[in-house]
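Protein chains in written order, with the working numbering: chain E, 941 to 1029; chain R, 941 to 1029.
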C-alpha cells in the first residue's frame, strides 16, 4: 500500500513540474502573454528559486531536480511577459 | 542556520502557492484565457489533486493546506479556460 502512495507522490511531482512545459512552449511560440498574470509569474519564479535553494540545503535530489526544471520553464515564460510589457511602452 | 533555511522552505511554499491568486483573480475578472495553456492547467490541476491525496496519506498538514488552496485556484482558472473553449465552438 505504501508503494502505491509513494507512486502517487512521484506522479504528482512529475505532473506539477512538467505542466509548465506546454505553457512555456505555447508562450515562446506565440509570444502572446495577454492573459498571463505578471504577479503570478514573478511570485512563482521567485518561489521556485527558493525551493531550489531549500533543496540544495537539504541535498534532496528530487526537490533540486523538479525545481531546476520548473525554474527554467517559469523564468522563460516570465521573460516573454516582461519583454512584452516593456515593448508596449 | 537551520532555522533560516526552514524559513526559506516556508517562504518558497507560500510564494508558489499564493502565486496562483493573482492569476485566478485576473482570469475570473477578465475571463481572458487566450494565452493560457489548456495542457498546463489540466496537468497542473490533476497534479495538485494528487499532491493533496499524497498529503492526506502522509497526514502532513503543510502539504494538505498548500495543495487545497492551490487546487481551488488552479481549478477555477481551468474552469474558465474550458468554458471559453466550449463557448467558441
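Each residue gets a CB set at the ideal place from its N, CA and C atoms; glycine is no exception.
Listed by chain order, chain E residues near residue i by CB distance under 7 Å
i                      : result
residue 959 of chain R : 980, 983, 984, 987
residue 952 of chain R : 987, 990, 991, 994
residue 963 of chain R : 977, 980
residue 949 of chain R : 994
residue 974 of chain R : 972, 974, 975
Where residue i falls, given that 16 or more other Cβ within 10 Å makes a residue buried
i                       : result
residue 973 of chain R  : buried
residue 1000 of chain E : exposed
residue 1014 of chain E : buried
residue 981 of chain E  : buried
residue 1011 of chain E : buried
residue 984 of chain E  : buried
residue 944 of chain E  : exposed
residue 989 of chain R  : buried
residue 947 of chain R  : exposed
residue 1028 of chain R : exposed
residue 1025 of chain R : exposed
Supposed contact pair residue j and residue i - C-beta distance, whole angstroms, cut 8 Å
i                       : j                       : result
residue 987 of chain R  : residue 952 of chain E  : 5 Å
residue 977 of chain R  : residue 963 of chain E  : 4 Å
residue 1006 of chain E : residue 957 of chain E  : 5 Å
residue 975 of chain R  : residue 959 of chain E  : Not quite, the Cβ-Cβ distance comes to about 15 Å (not below 8 Å), so this is no contact.
residue 1004 of chain R : residue 1018 of chain R : Not quite, the Cβ-Cβ distance comes to about 20 Å (not below 8 Å), so this is no contact.
Proximal residues of chain R, C-beta to C-beta of residue i below 7 Å
i                       : result
residue 1011 of chain E : Here the premise fails: no neighbours, minimum Cβ distance about 11 Å.
Any C-beta of chain C under 8 Å from that of residue i
i                      : result
residue 955 of chain R : The structure shown contains no chain C; its protein chains are E and R.
On the three-pair Cβ rule with 8 Å, is the segment 963 to 977 of chain E touching the segment 994 to 1007 of chain R?
no
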